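A quick write-up on the structure given underneath.
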Amino acid sequence: MTQPSATAESRPHASGDNPASADPAAVPRLALVGVHGFGERHLANLARLEEAGAVELVAVADPNPPAPGRLAESVAVFDDLAQLLAADPGVDVVILATPIQTHAPLALAALSAGKDVYVEKPPVASLAQFEQLLAAAETAGRRVQVGFQSLGSHALPAIRNLVDSGAIGDVLGLSARGEWLRSKSYFKRSRWAGKRSLDGIDVVDGVATNALAHAVATALHMAGAHTVADVQSVETDLYRAHATESDDTSILRVRTASGTTLLCGLTLCAPEQQKPSVTVHGTLGEITLYYTEDEVVISTTDGERRETFGRTDLLENLLDARSTGAPLLCSLADTGAFTTVLEAIRTAPAPQQISPDHITWEGDGDDAHPVVHGIGPLLERAAKAQATFAELGVPWARKLPPVRTLTLDGHDVGEYQDGSRIRAVSSPRPYLHPVRTLAGTVVTDHQPLDHVWHLGVGVALQDVDGINFWGGRTYTREAGQYVWRPDHGSITATSVEETAAGHHGGRLHETLNWNGPDGTAVLVEERTWAWSGVVSSAWQLSLDFALSPAGGKPVSLGSPGSNGRHEGGYGGFFWRLPECDGARVWTPAAQGESGVHGSVAPWLAWAGEFGAGSATLVFVAAEGCTDPWFVRVAGYPGVGQSLAWDTPVIARPGSPVQRSITVFVADGILGTADIEALINRQGNRS
1 MTQPSATAES
11 RPHASGDNPA
21 SADPAAVPRL
31 ALVGVHGFGE
41 RHLANLARLE
51 EAGAVELVAV
61 ADPNPPAPGR
71 LAESVAVFDD
81 LAQLLAADPG
91 VDVVILATPI
101 QTHAPLALAA
111 LSAGKDVYVE
121 KPPVASLAQF
131 EQLLAAAETA
141 GRRVQVGFQS
151 LGSHALPAIR
161 NLVDSGAIGD
171 VLGLSARGEW
181 LRSKSYFKRS
191 RWAGKRSLDG
201 IDVVDGVATN
211 ALAHAVATAL
221 HMAGAHTVAD
231 VQSVETDLYR
241 AHATESDDTS
251 ILRVRTASGT
261 TLLCGLTLCA
271 PEQQKPSVTV
281 HGTLGEITLY
291 YTEDEVVIST
301 TDGERRETFG
311 RTDLLENLLD
321 ARSTGAPLLC
331 SLADTGAFTT
341 VLEAIRTAPA
351 PQQISPDHIT
361 WEGDGDDAHP
371 VVHGIGPLLE
381 RAAKAQATFA
391 ELGVPWARKL
401 PPVRTLTLDG
411 HDVGEYQDGS
421 RIRAVSSPRP
431 YLHPVRTLAG
441 TVVTDHQPLD
451 HVWHLGVGVA
461 LQDVDGINFW
471 GGRTYTREAG
481 QYVWRPDHGS
491 ITATSVEETA
501 AGHHGGRLHE
511 TLNWNGPDGT
521 AVLVEERTWA
531 WSGVVSSAWQ
541 LSLDFALSPA
551 GGKPVSLGSP
561 GSNGRHEGGY
571 GGFFWRLPEC
581 DGARVWTPAA
591 QGESGVHGSV
601 APWLAWAGEF
611 GAGSATLVFV
621 AAEGCTDPWF
631 VRVAGYPGVG
641 QSLAWDTPVI
651 ARPGSPVQRS
661 ITVFVADGIL
671 GTADIEALIN
681 RQGNRS
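Pasting the structure below:
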């Protein structure tokens, strides 16, 4: 015997306007299958509708019958739907509030008996079941409404009108965010809870398919993805902190057929319960829907405003559709996009267990619940970067293999990424990350929360004949500020020559195309990375690059600084550091960010504590180089050499723009004398 579902996400059905009384002979006769758990909410809603004369509850079915006196004596009680249909009490609509794995067979039985169906979410446990149920509904000529209550929100058409009006500019993407907490007892409430399958039958319980399924369904709706055909691809990154089969902390990335990217970041392992939300990100602002509250927050440069909307009850909508032919707000067909996501989760590898080192359990006994360390900022970072946990390099996530690994004396000192996983508006490009000291301390960061377009160590420019190869917003002289523009380029390798890493180091030479938004090459770059040992606690990384026009005309290489941003001349070589405690930055002649930023010096050093260890990075300019150092310490940790501090540099046919830099990566905190000795040892400069 199956047990009724006890899972619920959204608030109780909103009352809305009471339906007008009808001729008793025409009042729809309803049956409810599953009277416990969420079925209790249906009973309350049915009581409201009965009082208004809109429906008549004539039967219920549940192997665990309702408490005596809970229902009117006129309501027939059955053990299951088969008994109910065999008794034929004249039911018009069957409501299914039962475990996930029972939805499809029960709905098929109800349709076969000629009934309209209201089925709780998720409607089915596989795409095959969805197609079977959809065909059965079409054959029977009956309606199937799915209980994603949030899709009855009047906020949804209002948001659509705001987006269409250009209130937040062009849409950059959408994100869904859910931070809930669930205890051990949540997964002990029934046999199917926390299961991917039960007795060989698909269940597909999980944070995205059940507990926070409304977040996914609402986000898909707002992204314009309703049917199976509306989804181009689904990527899953699934994890669990609980001792379950199903995922409780996951990232889903959905790309729609219209080209929109939706990033869903969901967890049941938050430190405290938060209101789930869906956000539309635009070039001029954001619109966030807190769907359990039907509250909309519009944020633009003009400020923030909030508005709360009403909601149409989905059962009332089904009854209205029966009497007037009005469209269903959440028809089975319109959950095809959601079912495509569910199918991707069903067929994905089993969720990976999050290491206990990254979890804190709070509470006792069955009330205990896990908290994944830093999960809130991680979900925010994932949404901004449109990246998975694995792509962000989260320590408990799956390890994605780098394209290449830089090795030295048996140590992996760096990993080469080709940028193919980077979102378009972050200007995808090759880079090194993570870069490590010989003792293993990581001294780079990528896609950090403050600037998700910062990518480890590499070469990037914000203005190449008006094309942004840096990522993020573009600073323009006309606007006098940073603005979002459809100007992002990408850098891709056309050839790679790698010298096998030996005991003493290695070399990687690339030919790269800098392509504009339309894919046309603007620059051709010759880039060489070389790495070698220095002493037992330090190694060196050198970068040489040359930028030439891809065509026969000169190309202007600029920066925010060359476009009027005071001391904002970043671009060229850039090294994004991770969070650093006790950071100290200096040159032979100056100390601190204000002293070294914008200065020209033969070398610049950065020392501090990077998580597990201390390290010093020494950036050594090429002989005769007059490019100023670009340094950030207080706002974020980063070092670069400015290619175009306040004036563009021109790359001409036959006359490429060439630059070189060497970086010493050392364990421990070095002083100036140590640094000079290190540089002299390598014969660079004194």
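In the UniProt record's numbering, the protein residues as written are 1 to 686.
Just so you know, even glycine gets a beta-carbon here, dropped at the ideal spot from N, CA and C.
Note that the structure is a prediction, hence the values are computed from the model and not measured.
Option nearest residue i by Cα separation, candidates the options
i, options, result
"S190", "H36, E73, T292, S655", "H36"
"V657", "G571, L547, R632", "L547"
"Q83", "P356, P430, L106", "L106"
"L406", "E316, T499, V483, L577", "T499"
"T388", "G558, H566, K553, T236", "T236"
"V33", "R48, A44, S183, P63", "P63"
"D79", "P89, S246, A61, F630", "A61"
"E272", "Q232, D357, G595, W180", "W180"
"D450", "T261, P66, R632, S183", "R632"
"L85", "A67, R48, A31", "A31"
"T444", "L71, T308, V596, V663", "V663"
"Y431", "T476, P628, G414", "G414"
"I298", "A76, V163, P356, W470", "V163"
"G173", "R423, L604, G635", "R423"
"R196", "G592, L151, L342", "L342"
"R477", "S490, D463, G638, A155", "D463"
"W192", "P99, R346, P68", "P99"
"Y636", "N680, R576, V585, A385", "R576"
"L461", "R142, Y239, S556", "S556"
"T256", "C264, Y239, G224", "G224"
"D116", "R240, F187, R322", "R322"
"Y186", "D367, P349, L151", "D367"
Buried/exposed call for residue i, threshold 16 Cβ in 10 Å
i, result
"S165", "exposed"
"E56", "buried"
"Q481", "exposed"
"S495", "exposed"
"H42", "buried"
"K399", "exposed"
"V280", "buried"
"D202", "buried"
"H566", "exposed"
"D230", "buried"
"A20", "A caution first: A20 carries a pLDDT of 37, below 50, which makes its placement in the model too unreliable to give a value."
"G259", "exposed"
"D247", "buried"
"T324", "exposed"
"G671", "exposed"
"D357", "exposed"
"R240", "buried"
"residue 688", "For the chain, the structure presents residues 1 to 686; residue 688 sits outside this window and is missing."
Delimiting residues of the alpha helix (DSSP H) encompassing residue i
i, result
"Q273", "Unbroken run through Q273: none, as it is neither H nor E."
"R105", "Looking at the sequence shown, residue 105 is not Arg but Pro. Residues 103 to 112."
"E676", "672 to 681"
"A82", "81 to 87"
"residue 687", "Since the first residue shown for the chain is 1 and the last is 686, residue 687 is missing from the structure and cannot be characterised."
Endpoints, the beta strand (DSSP E) within which residue i is located
i, result
"L263", "261 to 267"
"Q149", "From DSSP, Q149 is part of no beta strand (DSSP E); its letter is neither H nor E."
"E362", "359 to 362"
"L174", "171 to 179"
"D581", "581 to 586"
"A217", "Where A217 is concerned, there is no enclosing beta strand (DSSP E), although the alpha helix (DSSP H) it sits in stretches over 213 to 222."
"G640", "638 to 642"
"I650", "649 to 651"
"A385", "Counting along the chain, A385 falls outside any beta strand (DSSP E), though it belongs to the alpha helix (DSSP H) covering 375 to 385."
"L252", "249 to 256"
"A76", "76 to 78"
"A59", "56 to 61"
Residues that DSSP places opposite residue i in a beta bridge
i, result
"F630", "G640"
"G285", "T300"
"W514", "I491, L523"
"S548", "V524"
"A530", "R507, S542"
"A229", "Beta-bridge pairing links A229 to no other residue."
"L71", "Paired residues: none, contrary to the question."
Taking only runs that begin and end inside the stretch 396 to 479, name each unbroken beta strand (DSSP E) of 3 or more residues, in chain order.
Uninterrupted beta strand (DSSP E) stretches at least 3 residues long and entirely within the stretch 396 to 479 occur at 404 to 408, 411 to 417, 431 to 435, 457 to 460, 474 to 476, given in chain order.
Start-end ranges of the alpha helix (DSSP H) lying completely within the stretch 289 to 343, minimum 4 residues
Listed in chain order, the complete alpha helix (DSSP H) runs (minimum 4 residues) inside the stretch 289 to 343 are 314 to 324.
Could I get the ranges of all uninterrupted beta strand (DSSP E) runs contained in the stretch 559 to 619, with 3 residues as the minimum, in chain order?
Taking only runs of at least 3 residues, the beta strand (DSSP E) segments lying wholly in the stretch 559 to 619 are 572 to 576, 581 to 586, 603 to 610.
Where are the alpha helix (DSSP H) runs, 4 residues long or more, that stay fully inside the stretch 118 to 149, in chain order?
The stretch 118 to 149 contains these whole alpha helix (DSSP H) runs: 127 to 140.
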